[in-house]
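Visitor: Everything in the sequence shown is counted per the working numbering, starting at 25 for the first residue and increasing by one.
Built from N, CA and C at the ideal position, the CB exists for glycine as well.
Mind having a look at this structure? Questions to follow.
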Amino acid sequence: MDSWLAELRWAAGLFEGEGSVATQRCLVAVGMTDKDSVDRFHAAVGFGHSGVQEKRPPYKRLYLWRAESYEHTQALAALLWWGLGIRRRAQFAQILNKAKLAPVRASLRTVCPNGHKYDRTLQRRTGPKAGAINRYCSLCANQHRKKYGRYDGLVSDD
Ligand SMILES: [Zn+2]
Numbered sequence: 025m026d027s028w029l030a031e032l033r034w035a036a037g038l039f040e041g042e043g044s045v046a047t048q049r050c051l052v053a054v055g056m057t058d059k060d061s062v063d064r065f066h067a068a069v070g071f072g073h074s075g076v077q078e079k080r081p082p083y084k085r086l087y088l089w090r091a092e093s094y095e096h097t098q099a100l101a102a103l104l105w106w107g108l109g110i111r112r113r114a115q116f117a118q119i120l121n122k123a124k125l126a127p128v129r130a131s132l133r134t135v136c137p138n139g140h141k142y143d144r145t146l147q148r149r150t151g152p153k154a155g156a157i158n159r160y161c162s163l164c165a166n167q168h169r170k171k172y173g174r175y176d177g178l179v180s181d182d
């Protein structure tokens, strides 16, 4: 446990210098020319993805660690928090607040915009998203149908 805490403190120091927090969405990354450090960071935090970005000479190839989701950004902030400076903490607070205020991703929603549980799935037949599976709420769809006629462009797959 002691050594893991030490690793996290080291990781926080690395993130202070080499890390980045995106400003528009939950994406955190570390990019370095030193593969060992990126691997060690990855092992310390225990999640995310590592990869390589090839560069044109004379630039060295860049080793990257990244994680992309609200949960992972929040987890990274928590793991590294005590080793982070004011500027980094503010970046995490800002992006997490922004994400918290944003609508929940469609794929994670369990209720329709009017608060009913989604109870059916539909496959889109036309349009740019043809073939996509959508969940839908039959209560709202029935109301829509009464008001406007056929539910536009969608067909039930059951
Ligand atoms: Zn509904």
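Out of curiosity, what's the CA-to-CA distance linking Ala102 and Ala67?
Guide: The residue you call residue 102 lines up with position 78 of the sequence shown. The residue you call residue 67 lines up with position 43 of the sequence shown. Straight-line Cα distance between these residues: approximately 16 Å.
Visitor: What residues in its chain sit with their C-beta under 6 Å from that of Leu108, if we drop five residues either side in the sequence?
Guide: If you number the sequence shown from 1, residue 108 lands on position 84. Around Leu108: Ala36.
Visitor: Kindly identify the DSSP beta-bridge partner or partners of Gly75.
Guide: As a first step, residue 75 must be located in the sequence shown, where it is residue number 51. Per DSSP, Leu88.
Visitor: Give the straight-line distance between the Cα atoms of Thr97 and Thr47, rounded to the nearest whole angstrom.
Guide: The count along the sequence shown starts at 1 and reaches residue 97 at position 73. The count along the sequence shown starts at 1 and reaches residue 47 at position 23. One C-alpha to the other measures close to 12 Å.
Visitor: Can you tell me the Cβ-Cβ gap for Val45 and Val54, rounded? I've got them flagged as a contact below 8 Å.
Guide: On the sequence shown, residue 45 is found 21 positions in, with the first residue counted as 1. On the sequence shown, residue 54 is found 30 positions in, with the first residue counted as 1. Actually they do not touch by this definition, with Cβ atoms about 11 Å apart.
Visitor: Once DSSP output is grouped into helix, strand and coil, what is the label at Ser93?
Guide: Counting from 1 along the sequence shown, the entry for residue 93 is found at position 69. Coil, per DSSP.
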